[in-house]
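Just below is one structure, and these are the notes that go with it.
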Amino acid sequence: MPFEISNMFNDRIKIKQLLSGTPTGTEVVVMGWVRTFRNNQFIALNDGSTNANIQIVATLGEFDEAILKRVTTGASLKIVGTVVESLGKGQSVEVKAKTLEILGDSDAEKFPLQPKKHSLEFLREKAHLRFRTNTFGSVFRLRHALAFAVHQFYNERGFVYLHTPIITSSDAEGAGEMFRVTTLPLEGAPKNDKGEIDYTQDFFGKGTNLTVSGQLEGELGAMAFSEIYTFGPTFRAENSNTTRHLAEFWMIEPEMAFYDIEDNMNLAEAFIKYLINYALKNNADDIDFLDARLAEEEKQLPTEKRSGLGLREKLELVVNNNFERITYTEAIDILLNSNHYKKKKFQYEVKWGIDLQSEHERYLVEQHFKKPVIVTGYPAAIKAFYMRMNDGCAPGKETVAAMDILAPGIGEIVGGSQREERLDKLEARMNAMHIPLEDMSWYLDTRRFGTVPHAGFGLGFERMIQFVTGMTNIRDVIPFARTPKNCEY
RNA sequence: UCCUCCUUAGCUCAGUUGGUUAGAGCACAUCACUGUUAAUGAUGGGGUCCUCCGUUCAAGUCGGAGAGGGGGAGCCA
């Protein structure tokens, strides 16, 4: 038996537990927030443990009118009462209140959440209160469950959880614009003799930024522990205004020694399926709620825009089928041979060497294969310096051992590669891309001292949550979204 | 950053060819009712029609600029 700690209010029972088979006749203490108060008698109380409310019955005449007046939407209550079989139709049990204590009032005229449907846009502006809605209750319980499942998945496989730094002086990763970290004054910052800002006088004695990826540090760990993963916040100062980008987001980056690109794909596919399975098993009611919510929303759409697949159906389909694996070259051929292409419906040109555009990825995933697709072997010219050059490529058609996993409705959810472990090839590539070798000597040391084939990938945690919850806007799957021109709370 | 759409009561939204005092549902207040399920019925309060400039006898409505938001694109996870 796990060690049980007593609650500060003693013996409080969570509503989820209460609803899962507490025998009638049991005296219970419940606390939570009022969702609705109907008929001056029936309180729908919620404590966040589940979307289901417990109905509290305050029998007419047994409670002070002045107290009942304060039972308003959003108020917090402590109830002592007895679990009884419900006389009403909406629930099997309810709690007949003996005492009813107002823990915190909620001015009904000012509390923004009403017992009605609110738009996601409105709730986004009330992010501090939106946890108290069913939709966001389900989303953030699922976010928790998935975070827990991430650790469980890697722990079961003997990976070491490595904390890579959030402040970094490395800017070679090239994953995007970085946020500068400095304690120098904005006005009158010290300058060197070239007239540039003199970062030797800064807090760290050099220019520093918020990390855009823990990968390079992760590789250092993998060169000792064999298998590591990172799971932390990352920051991109890109002016991206889309439903799938954040300036601050969480990323999971496993890095494995003795893995090639195939092993890497196998791990990534197993990982995604594990997360979905965990959610289906442990948060079935939240998935069902979001499934119903989505179905309701689909009804508003014209027939041709409906996905035709429920959330649960979609997740089960992903879990029960292998991801499609194709090379970049095959992907280009599929696009070139498609009716879509022949009817000139692609806005962007399709030819070998291009970076696949959203419309191309969406066609492959949503029209052609109708399931997640792993694309490998991208042209070297469009990929990062650390990706392993494939051997035996035709001149001008060099490819790297990269892999992207594309998910329906989300696009790229995983980006990864086998890393270039051969020092000479890595240095040649860095020189070609004008990356200063001396700044990266710590990284190159891994290739100098006992280098091994290794691989890794990054999974955008919020995009994964989007996929599992069906939420279409990434701002709705992180508690407090940071996006261009928006940093509330 | 680009394209596009939107902004009217606390929320969701209607508002005709530019024309008197801008409406509805929900929410809120008061009363009634009392086994309700977003309870119901009656009555009532509630508006910088996003902001500024312009056209006009007259602008929520037409034009321009700005702000905020949605969707799409690029960059990416």
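Just so we're aligned: 430 in the working numbering is position 429 of the first sequence, and the numbers increase by one with no gaps anywhere.
Note that beta-carbon positions come from the ideal geometry of N, C-alpha and C, so glycine has one too.
Pairwise C-alpha distance: residue j and residue i
i: residue 89; j: residue 68; result: 24 Å
i: residue 51; j: residue 13; result: 15 Å
i: residue 200; j: residue 485; result: 26 Å
i: residue 277; j: residue 316; result: 7 Å
i: residue 366; j: residue 312; result: 17 Å
i: residue 240; j: residue 487; result: 12 Å
i: residue 62; j: residue 41; result: 10 Å
i: residue 194; j: residue 206; result: 17 Å
i: residue 92; j: residue 285; result: 19 Å
i: residue 414; j: residue 467; result: 10 Å
i: residue 74; j: residue 130; result: 12 Å
i: residue 57; j: residue 327; result: 57 Å
i: residue 268; j: residue 127; result: 39 Å
i: residue 167; j: residue 220; result: 16 Å
i: residue 157; j: residue 65; result: 55 Å
i: residue 290; j: residue 296; result: 10 Å
i: residue 419; j: residue 270; result: 15 Å
i: residue 37; j: residue 59; result: 13 Å
i: residue 395; j: residue 379; result: 14 Å
i: residue 234; j: residue 398; result: 36 Å
i: residue 407; j: residue 22; result: 42 Å
i: residue 309; j: residue 412; result: 19 Å
Whole-angstrom C-beta distance between residue j and residue i, which should lie under 8 Å
i: residue 222; j: residue 182; result: Not confirmed; about 23 Å, so no contact.
i: residue 333; j: residue 351; result: 6 Å
i: residue 457; j: residue 416; result: About 10 Å; that fails the 8 Å criterion.
i: residue 460; j: residue 253; result: 5 Å
i: residue 101; j: residue 121; result: Contact doesn't hold; Cβ gap of about 33 Å is too wide.
i: residue 48; j: residue 76; result: Wrong, their Cβ atoms sit about 13 Å apart, outside the cutoff.
i: residue 133; j: residue 114; result: 6 Å
i: residue 360; j: residue 368; result: Wrong, their Cβ atoms sit about 10 Å apart, outside the cutoff.
i: residue 146; j: residue 283; result: 6 Å
i: residue 428; j: residue 438; result: 6 Å
i: residue 96; j: residue 29; result: 6 Å
i: residue 228; j: residue 257; result: 5 Å
i: residue 390; j: residue 381; result: 6 Å
i: residue 475; j: residue 245; result: 5 Å
Residue burial classification, residue i (beta-carbon count within 10 angstroms, cutoff 16)
i: residue 86; result: exposed
i: residue 434; result: exposed
i: residue 225; result: exposed
i: residue 479; result: buried
i: residue 442; result: exposed
i: residue 215; result: buried
i: residue 187; result: exposed
i: residue 403; result: buried
i: residue 18; result: exposed
i: residue 251; result: buried
i: residue 196; result: exposed
i: residue 259; result: exposed
i: residue 384; result: buried
i: residue 139; result: buried
i: residue 463; result: buried
i: residue 164; result: exposed
i: residue 191; result: exposed
i: residue 3; result: Residue confidence for residue 3 is low, a pLDDT of 46 falling below 50, so the modelled location carries little weight; the figure read from the coordinates is stated next. So residue 3 ends up on the exposed side.
i: residue 387; result: buried
Where residue i sits in the DSSP three-state scheme
i: residue 369; result: helix
i: residue 411; result: coil
i: residue 434; result: coil
i: residue 141; result: helix
i: residue 358; result: coil
i: residue 2; result: Confidence is the limiting factor: at residue 2 the pLDDT is only 42, short of 50, which leaves the residue's position unreliable, though a coordinate-based value still follows. Reduced to three states, the DSSP call for residue 2 is coil.
i: residue 390; result: strand
i: residue 229; result: strand
i: residue 351; result: coil
i: residue 151; result: helix
i: residue 70; result: coil
Beta-bridge pairing of residue i - partner residues as DSSP gives them
i: residue 210; result: 169 and 181
i: residue 200; result: Per DSSP, none; premise fails for residue 200.
i: residue 461; result: 252
i: residue 234; result: 251
i: residue 77; result: 34 and 105
i: residue 418; result: 403 and 457
i: residue 46; result: 35 and 55
i: residue 375; result: 326 and 406
i: residue 257; result: 228 and 456
i: residue 82; result: 29 and 98
i: residue 191; result: None, per the DSSP bridge assignment.
Any non-hydrogen atom of the ligand FMN closer than 8 Å to residue i Cβ
i: residue 39; result: Although the ligand FMN was asked about, the structure shown includes no ligands whatsoever.
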